[in-house]
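In the working numbering, the protein residues as written are 2 to 340. Beta carbons: idealized from backbone N, C-alpha and C, even for Gly.
Structure below.
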C-alpha cells in the first residue's frame, strides 16, 4: 500500500518515505501453530520448547519495535495537518489541537521530533506543530552556512549594546520566528531519550508534555500564592503571634518518638531524652619487673631457620677443618699478591 493510499496528505520528500512504505508493506506475521512448533523441534534435536519460547519472545520484541516505529511515522503524517485552522495563532492554539499535538508526541524521542520538524519544513511550514505560518527563508546568509544574529538594545554585557550570536542558517530557516523556535525547543526537551518499546507502563514523563504558554502560566501561580500569603501574614496581630508561639513545644514527646523511629532508636534507654552512656574504668593487671629471656633446650643447637631445623653441622664433619685451612691459605696468598 503506497503512502498516497493511506493518507490524503502530500507524500514525504525525504528518506522517511521509503521507510514508511517498507513498514506499510510488511504484514504482521501470525503466531506459529502447534504443528509448526513440533515440526521446528523435530528438525533440531538439540532444541527444546524453552529455546522456542525464547525465540518467540525475541520475535515479539522485534515486532513490537516495528509497530512502534510505524505508529510514529503515522503520527508524523497526522501532525503535518496541524493546526486545523489556517489562521491559528501558535500562542493561543485551540484546546483540541493542543491536546492532539501533545497526545501524538507521547511515543516520540528527540530524534523523531526532529524528523517532524524536517517534514514540516519540506512542506514550507514552520517547524512548530501548532503554527500555520510558513518558515522563513534566510535571504541574508548569502550562501553562507552561518550568520551573525544580533539581539535587542541593552542585551549586551552590562546592559549596554547588543548581544551577538553565531547561528546556523539551517536553524533560522526551521521556524517562522524566534518565538516559535522557543516553543518548539521547549517541547523537545520534555521528550524522553528511551524508545517507547523500552519504557515502563508507569512511565509518565512523556505524558506530562506542556506547551510553553502552559509552563509560564504555572510558574506565575506560585508567585501569586506567595504574595497572597505575605499579605495574610502582614495582617497578623500580636495575639495570633503569641498563640502560635505557645504551640511550639520543644519537649514534644510525640514528635520525639517519631524522630526516634526514623533514626532507628527503639531502645528503652533512649526515652525521655536520656542517652544510655555507661562509663567503665579500664582495669590494669599487676606489673612485674622485666627479666632477661631464659635459654631453651632447643636453642643449644642453634634453633630453626624460619621453621627449618638443620640436620648436619660443620663441626661434626671430619673433612671440614682441612678445607677451612686451605681456604685460609688461599686468602693469605691472595692478600700477599695484592700487597
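Counting along the chain, residue 53 sits inside the alpha helix (DSSP H) bounded by residues 50–80.
The three-state reading of DSSP puts residue 280 in coil, since its state is none of H, G, I, E or B.
For residue 41, DSSP records no beta bridge to any residue. At a Cβ-Cβ threshold of 8 angstroms, residue 81 and residue 124 count as neighbours. Closest in alpha carbon position to residue 104, among 214, 63, 72, is 72. Taking a 10 Å sphere around the C-beta of residue 190, we find fewer than 16 other C-beta atoms and assign the residue as exposed. When secondary structure is reduced to three states using DSSP, residue 306 falls in the strand class. Put simply, of 87, 196, 60, 158 the residue whose alpha carbon is nearest the alpha carbon of residue 112 is 196. For residue 181, the enclosing alpha helix (DSSP H) stretches over residues 179–189. Under the three-state reduction of DSSP output, residue 221 falls in the helix class. A Cβ-Cβ distance of about 5 angstroms is found for the pair residue 117 and residue 77, placing them in contact under the 8 angstroms criterion.
Comparing alpha carbon positions, the residue from 68, 129, 297 closest to residue 94 is 129. Here residue 210 has 103, 106, 188, 191 as same chain residues with Cβ atoms under 7 angstroms from its own Cβ, once five neighbours each way along the sequence are excluded. Residue 121 is classed as buried because its beta carbon has at least 16 other beta carbons within 10 Å across all chains shown.
Straight-line measurement puts the Cα of residue 214 at about 22 angstroms from the Cα of residue 173. For residue 102, the uninterrupted alpha helix (DSSP H) run begins and ends at 96–105, by DSSP. Comparing alpha-carbon positions, the option among 87, 198, 306 lying closest to residue 66 turns out to be 198. Inter-residue distance for residue 84 and residue 47 is about 58 angstroms (C-alpha atoms, whole angstroms). In terms of CA proximity to residue 183, 217 leads the group 217, 194, 284, 193. Counting other Cβ atoms within 10 Å of its Cβ, residue 91 reaches 16 or more and is therefore classed as buried.
Around the C-beta of residue 40, fewer than 16 other C-beta atoms lie within 10 Å, and the residue is accordingly described as exposed. Residue 96 and residue 131 have their alpha carbons spaced roughly 11 angstroms apart.
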